[in-house]
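**Q** Chains as they are written, first to last, in the working numbering: chain A, 1 to 136; chain B, 1001 to 1136.
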DNA sequence: CTTGACCTTACCACTATGGGAAGGTTCAAA
DNA sequence: TTTGAACCTTCCCATAGTGGTAAGGTCAAG
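Okay, here's the thing in structure tokens:
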């Protein structure tokens, strides 16, 4: 059994976040010592590691909740896991698209801005324009 | 002079957000009618439009605050504007990079997951792994 | 016994946005 | 004139994820 700071180090999460995940019901409340200190079993350490991995792939807490359920269900169909992952991939795609649009527009503006001592600036001008930005 | 809902429609922002921008000091407090209703001048409408454009390019409130200052400074150097924009471009790049990493890892997992009725699932397996995720 | 390093809970902050409640205003129609 | 719809106001709450801090308890070493 490990205390929370050890569990944090071990899993790559912060103590803060581990408590938070418990608060929001992502993980079961940890066992406590008589003094009220949280204690983590190896199984829970695994779970925390799982969470960190999933977070690093950008899964939301809600999605991780589902993933954990699937993980702990020996009769799961990998189809369900895959679908969850694919849904997240779509979200990542949308975010990429949004970023790309911004990038393209901003790069265009930057390229057309002299960037010298003069106050004339396409960036300011186009942002001031009442026209559209290219977003739908 | 327009009321807030008209200013919202005109600028593409929501009334909610216009009030919020006033709260956080992004825009000057609007004039008020005797009854306390906010009133927006054409100049303020321009400013609101500017804010919407900048937001659509992903600039943060803090960055827009700087942009507005530059916009309202007739002795600005376009260099400053360009630098601000370039800094934001870098941020966009970093976000893109992060997304791409996630995407690549997740795509790999998804490709290797059968997605059938069997419980065997690489996604679950790799997330459960105590090893690294590829992030530094 | 004291000190330092931990632990606990309970707040507040951030970014940007939305929702809603409770109450006031304006204007037009009945 | 009254009433009702459609506004407006402020204030609080929620989202998602993370960090910080403060006030207090615990534990082990010196």
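Here a beta-carbon is modelled for each residue, glycine too, at the ideal position from N, C-alpha and C.
Everything numeric in this text was worked out from a predicted model, so none of it was measured.
Between residue 81 (chain A) and the rest of its own chain, which residues show a CB-CB distance below 6 Å, the 5 nearest in sequence each way excluded?
**A** Walking along the first chain from the start, residue 81 (chain A) turns up at place 81. Around residue 81 (chain A): 70.
**Q** What is the DSSP secondary structure of residue 44 (chain A), reduced to helix, strand or coil?
**A** Along the first chain, one-based indexing puts residue 44 (chain A) at 44. Three-state DSSP puts residue 44 (chain A) in a helix.
**Q** Would you call the stretch 58-66 of chain A in contact with the stretch 20-32 of chain A, where contact means no fewer than 3 C-beta pairs closer than 8 Å?
**A** yes
**Q** Just tell me which of B:1122, B:1005, B:1041 and B:1034 has its CA closest to the CA of residue 76 (chain A).
**A** Mapped onto the first chain, residue 76 (chain A) falls at position 76. With distances taken between Cα atoms, residue 76 (chain A) lies closest to B:1122.
**Q** Determine the closest residue to residue 1072 (chain B) out of B:1044, B:1001 and B:1057, with distance taken between C-alpha atoms.
**A** Taking the first residue of the second chain as 1, we reach residue 1072 (chain B) at position 72. Taking only the C-alpha atoms, the option nearest residue 1072 (chain B) is B:1044.
**Q** Taking the alpha-carbon positions, what's the residue 33 (chain A) to residue 1067 (chain B) distance?
**A** Looking up residue 33 (chain A) in the first chain gives position 33. Looking up residue 1067 (chain B) in the second chain gives position 67. Approximately 54 Å, taken between the alpha carbons.
**Q** Beta-carbon within less than 7 Å of residue 1022 (chain B)'s beta-carbon, same chain only, minus the 5 sequence neighbours each way: which residues are those?
**A** As a position in the second chain, residue 1022 (chain B) is number 22, starting the count at 1. Excluding residues within five positions, the ones whose Cβ falls inside 7 Å are 1029 and 1030.
**Q** Count Cβ pairs between the stretch 1088-1106 of chain B and the stretch 1005-1021 of chain B that sit closer than 8 Å; are there 3 or more?
**A** For the pair of segments examined, the stretch 1088-1106 of chain B was found not to touch the stretch 1005-1021 of chain B: the number of CB pairs separated by less than 8 Å stays below three.
**Q** Using alpha carbons as the reference points, say which of A:90, A:106 and A:78 lies closest to residue 1091 (chain B).
**A** On the second chain, residue 1091 (chain B) is found 91 positions in, with the first residue counted as 1. Out of A:90, A:106 and A:78, A:106 has the C-alpha closest to the C-alpha of residue 1091 (chain B).
**Q** Taking C-alpha atoms, which residue in A:41, A:54 and A:3 lies nearest to residue 35 (chain A)?
**A** Your numbering for residue 35 (chain A) matches position 35 in the first chain. Of the candidates A:41, A:54 and A:3, the one whose C-alpha sits nearest the C-alpha of residue 35 (chain A) is A:3.
**Q** Pull out every residue of the stretch 1089-1119 of chain B whose Cβ sits closer than 7 Å to any Cβ of chain A, in chain order.
**A** For the stretch 1089-1119 of chain B, the set of positions with a beta-carbon nearer than 7 Å to some beta-carbon of chain A reads 1089, 1092, 1095, 1096, 1099, 1102, 1103, 1105, 1106, 1107, 1109, 1110, 1113, 1114, 1115, 1116, 1117, 1118 and 1119 in chain order.
**Q** Using a Cβ-Cβ cutoff of less than 8 Å, which residues in the same chain neighbour residue 110 (chain A) once the five nearest sequence positions on both sides are dropped?
**A** Residue mapping note: residue 110 (chain A) aligns to position 110 of the first chain, counting from 1. If we look at residue 110 (chain A) and ignore the five residues flanking it on each side, its Cβ neighbours are 123.
**Q** Compute the beta-carbon to beta-carbon distance between residue 50 (chain A) and residue 1127 (chain B), rounded to the nearest angstrom, for a pair I have assumed lies under 8 Å.
**A** Against the first chain, residue 50 (chain A) aligns to sequence position 50. Against the second chain, residue 1127 (chain B) aligns to sequence position 127. Confirmed, about 5 Å.
**Q** Quick check on this structure: which residue in B:1015, B:1117 and B:1018 has the alpha carbon closest to the alpha carbon of residue 74 (chain A)?
**A** Within the first chain, numbered from 1, the residue matching residue 74 (chain A) stands at position 74. Among B:1015, B:1117 and B:1018, the Cα nearest to that of residue 74 (chain A) is on B:1117.
**Q** Under 8 Å by Cβ, that's how I've got residue 18 (chain A) and residue 48 (chain A) pegged, so tell me the actual separation to the nearest angstrom.
**A** Along the first chain, one-based indexing puts residue 18 (chain A) at 18. Along the first chain, one-based indexing puts residue 48 (chain A) at 48. At roughly 6 Å, the Cβ-Cβ gap stays under 8 Å, so residue 18 (chain A) and residue 48 (chain A) are in contact.
**Q** Within 10 angstroms of the Cβ of residue 1014 (chain B), are there 16 or more other Cβ atoms? Answer buried if so, exposed if not.
**A** In the second chain, the residue the question calls residue 1014 (chain B) occupies position 14. Residue 1014 (chain B) comes out exposed.
**Q** Rounded to the nearest angstrom, what separates residue 1098 (chain B) and residue 1083 (chain B) at their Cα positions?
**A** Locating residue 1098 (chain B) in the second chain gives position 98, counting from the first residue. Locating residue 1083 (chain B) in the second chain gives position 83, counting from the first residue. Rounded to whole angstroms, residue 1098 (chain B) to residue 1083 (chain B) spans 23 Å at the Cα level.
**Q** State the start and end residues of the unbroken alpha helix (DSSP H) segment that holds residue 1075 (chain B).
**A** Taking the second chain and counting its residues from 1, the one referred to as residue 1075 (chain B) is at position 75. Taken as a continuous stretch (DSSP letters only), residue 1075 (chain B) belongs to no alpha helix (DSSP H), as it is neither H nor E.
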